[in-house]
Amino acid sequence: MSALTGIKPELANISYKPDPVAPSGRVGLITLATDFNSEDDLRRILPADIGLFTTRIANANPITVDSLRAMADDLPRAARTILPGFGVDVAIFGCTSGTAVNGSARIEALINEGMPGCRVTNPLLASHNALQAVGAQKIAIVAPYILDVTATVAHGIADAGFELTNVLGFGLENDPDMTAIPPDILMAAAIKANSDDADAIFISCTAIRAAEIAQRTEQLLGKPVITSNQALIWHALGLMNYQKPVAGFGSLFDHTPPTA
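Start counting the sequence shown at 11; every next residue gets the next number (this note's numbering).
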């Protein structure tokens, strides 16, 4: 019996109106090959009418300054794999420590090799803008990394003109271990890192589940809490000139992001 028995070819002529795909814009995410968290975290924050399209950059655990520096060379190739021929409105590099090691300008240039002309953000640049937007000058930092990686991120914040009041690290070197930190433990770490003179808390790393506790932690501390993934989406939406409100992820979204 033919495999086509019973099939009615005329059904292919049914008319319909196509549903729009990502009607308000497209965000491209370049995340680490070993990242367990970024895609889920960013989709939770993104409005439903924005599409997130991902690719992965080659890297290896343990996460060290040397491994973070080496992985940047794969960025142009990874960027070329995101919706080729269609493009995205904003490209995100999903690694705070990798940006701190390589520098925002180099990250943007490498991504633009694969996606010429695309607007680019990264967690360090987005967090700088976020901390400025909430009026913070003195910053307490929480990070999951080993000491030298934590120090690189802390220098990345200080070099942007902020004063550091405290830096607290977990000493972890593998992405799965970072993602496995319970959100309530991250909140406890933010509370421990806080001091009266800190204007805001910055919780670094896209691999950790910090965005979901930003708002609760703000309510406990009475000051802004900025996280890598929360700041990334806030900044990306600004670059897209997206105007609709985003709720549930902290007071940052009450502030207007830069559009350039």
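We treat Cβ as the ideally placed atom computed from N, Cα and C, and that holds for glycine.
ILE117 versus MET197 - alpha carbon distance: Position 107 of the sequence shown holds residue 117. Position 187 of the sequence shown holds residue 197. Per the coordinates, the alpha-carbon of ILE117 lies some 30 Å from the alpha-carbon of MET197.
PRO154, DSSP secondary structure in three states: Locating residue 154 in the sequence shown gives position 144, counting from the first residue. Three-state DSSP puts PRO154 in a strand.
Local Cβ density within 10 Å of TYR252, reported as buried at 16 or more and exposed below that: On the sequence shown, position 242 is the one that residue 252 refers to. TYR252 is buried by the Cβ-count criterion.
For ASN23, is the classification buried or exposed, using 16 other Cβ atoms within 10 angstroms of its Cβ as the cut-off for buried? As a working mapping, residue 23 is identified with position 13 in the sequence shown. That one is exposed.
Which value, in whole angstroms, describes the spacing of the CA atoms of THR162 and THR131? One-based indexing of the sequence shown puts residue 162 at position 152. One-based indexing of the sequence shown puts residue 131 at position 121. If you take the alpha carbons of THR162 and THR131, they lie about 19 Å apart.
Spatial distance of ALA200 from SER25 (CA atoms): As a working note, residue 200 is residue 190 in the sequence shown. As a working note, residue 25 is residue 15 in the sequence shown. Spanning the two alpha carbons is a distance of roughly 55 Å.
Expressed to the nearest angstrom, what Euclidean distance is found between the alpha-carbon atoms of MET250 and CYS128? Taking the first residue of the sequence shown as 1, we reach residue 250 at position 240. Taking the first residue of the sequence shown as 1, we reach residue 128 at position 118. Counting only the Cα atoms, CYS128 lies some 11 Å from MET250.
Note down, one range per segment and in chain order, each beta strand (DSSP E) of at least 3 residues found wholly within the region 159-233. Counting whole runs of 3 or more residues, the region 159-233 contains the beta strand (DSSP E) stretches 173-182, 210-213.
Look up VAL235 in the DSSP assignment and say whether it is helix, strand or coil. Along the sequence shown, read from residue 1 onward, the residue named residue 235 stands at position 225. In this structure, VAL235 counts as strand in the three-state DSSP scheme.
Under 8 Å: do the region 220-230 and the region 250-270 share three or more Cβ pairs, one atom per stretch? Counting Cβ pairs under 8 Å, three or more are found: they touch.
Could you give the uninterrupted runs of the beta strand (DSSP E) lying entirely in the region 76-106, keeping only those of 3 residues or more? Whole beta strand (DSSP E) segments, 3+ residues: 100-103.
Mind checking which residues open and close the alpha helix (DSSP H) that includes ILE117? The residue given as residue 117 occupies position 107 in the sequence shown. Boundaries of the alpha helix (DSSP H) around ILE117: 114-124.
DSSP three-state assignment for MET11, whether helix, strand or coil: Position 1 of the sequence shown, counted from the start, is the residue given in the question as residue 11. Below a pLDDT of 50, predicted positions are generally treated as unreliable, and MET11, at 48, falls in that range; the measurement from the model is reported next regardless. Correct three-state label for MET11: coil.
How long is the line joining the alpha carbons of ALA68 and MET81, rounded to whole angstroms? Here residue 68 corresponds to residue number 58 of the sequence shown, with the count starting at 1. Here residue 81 corresponds to residue number 71 of the sequence shown, with the count starting at 1. Computed Cα separation, rounded: 6 Å.
In whole angstroms, give me the CA-to-CA distance for ALA119 and ARG90. The residue labelled residue 119 in the question sits at position 109 within the sequence shown. The residue labelled residue 90 in the question sits at position 80 within the sequence shown. In a straight line, the C-alpha of ALA119 is about 13 Å away from that of ARG90.
Three or more beta-carbon pairs under 8 Å between the region 207-223 and the region 149-157, yes or no? Under the three-pair Cβ rule at 8 Å, the region 207-223 counts as touching the region 149-157.
Check whether the Cβ atoms of SER205 and THR175 lie closer than 8 Å to each other. Residue numbering aside, residue 205 sits at position 195 when the sequence shown is read from its first letter. Residue numbering aside, residue 175 sits at position 165 when the sequence shown is read from its first letter. Cβ distance < 8 Å, so SER205 and THR175 count as in contact.
Would DSSP call THR65 helix, strand or coil? Numbered from its first residue, the sequence shown carries residue 65 at position 55. When DSSP states are grouped into helix, strand and coil, THR65 belongs to the strand group.
Spatial distance of THR106 from ASP187 (CA atoms): Here residue 106 refers to the residue found at position 96 when the sequence shown is read from its first residue. Here residue 187 refers to the residue found at position 177 when the sequence shown is read from its first residue. If I take the Cα positions, the gap works out to 16 Å.
Just confirm the distance between the C-beta atoms of THR41 and GLY104, as a whole number of angstroms; I'd bet it's less than 8 Å. Counted from its first residue, the sequence shown places residue 41 at position 31. Counted from its first residue, the sequence shown places residue 104 at position 94. About 4 Å separates the two Cβ atoms, so the contact holds.
Of the residues VAL37, ARG66, PHE46, ILE73, the one placed nearest LEU56, counting alpha carbons only: Position 46 of the sequence shown holds residue 56. The residue from VAL37, ARG66, PHE46, ILE73 with its alpha-carbon nearest to that of LEU56 is VAL37.
Report yes if the CB atom of THR216 is closer than 8 Å to the CB atom of SER48, and no otherwise. In the sequence shown, the residue the question calls residue 216 occupies position 206. In the sequence shown, the residue the question calls residue 48 occupies position 38. Yes, the pair counts as a contact, with Cβ atoms nearer than the cut-off.
Can you give the beta carbon distance from ASP185 to ASP45, rounded, assuming they're within the 8 Å contact cut? Translated into positions along the sequence shown, residue 185 becomes position 175. Translated into positions along the sequence shown, residue 45 becomes position 35. Rounded, the Cβ-Cβ distance is 6 Å, consistent with contact.
Which of helix, strand or coil DSSP assigns to GLY108: Looking up residue 108 in the sequence shown gives position 98. It is helical.
Just to confirm, is the Cβ distance from LEU141 to PHE172 under 8 Å? For the purposes of this step, residue 141 is identified with residue 131 of the sequence shown, where counting begins at 1. For the purposes of this step, residue 172 is identified with residue 162 of the sequence shown, where counting begins at 1. Contact annotation: LEU141 and PHE172 have beta-carbon atoms nearer than 8 Å.
Would you kindly check if the distance between the Cβ of VAL177 and the Cβ of LEU234 is under 8 Å? To locate residue 234, count along the sequence shown from 1; it is residue 224. To locate residue 177, count along the sequence shown from 1; it is residue 167. The sequence given here has Pro at residue 234, not Leu. VAL177 is positioned such that its CB atom lies no closer than 8 Å to that of PRO234.
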